[in-house]
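Numbering (this note's numbering), first residue to last: 1429 to 1551.
Here is the structure:
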């Protein structure tokens, strides 16, 4: 099993996970997806969240902020969406995307879990 497959399975093991993706934000393409539903098309989510990451990186550059993004959190009434850019040299240019059912998820634990995956992923 590839490192990418292991990362996706580990992301889906988070309590409340409904969909996970590893995305290349230079192209907007999902390198791997797991989960999803009729209302959560992970290919569309990957492309759309690529624009979120790019916009934030541009804004940080314009503001002269020299820090790394830990994660971007989008809260909806029924879901959490977490975007975590990969900072390791073997995953640079990628981000992890995890959609959670808000009623079943522990946001702090999910963020902690994603941090561990981000540190280990190699693509």
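Beta carbons: idealized from backbone N, C-alpha and C, even for Gly.
Item, Value
"Nearest-angstrom Cα separation, counted from residue 1511 out to residue 1534", "16 Å"
"Rounded distance between the beta-carbons of residue 1528 and residue 1446, thought under 8 Å", "7 Å"
"Residue 1510, enclosing beta strand (DSSP E) - first and last residue", "1507–1513"
"Distance, residue 1436 Cα to residue 1515 Cα", "17 Å"
"Residue closest to residue 1517, alpha-carbon to alpha-carbon, out of 1434, 1538, 1546, 1526", "1546"
"Assigned secondary structure, residue 1450 (DSSP; H/G/I helix, E/B strand, else coil)", "strand"
"Alpha-carbon to alpha-carbon, residue 1491 and residue 1548", "30 Å"
"CB of residue 1460 within 9 Å of CB of residue 1478, strictly", "no"
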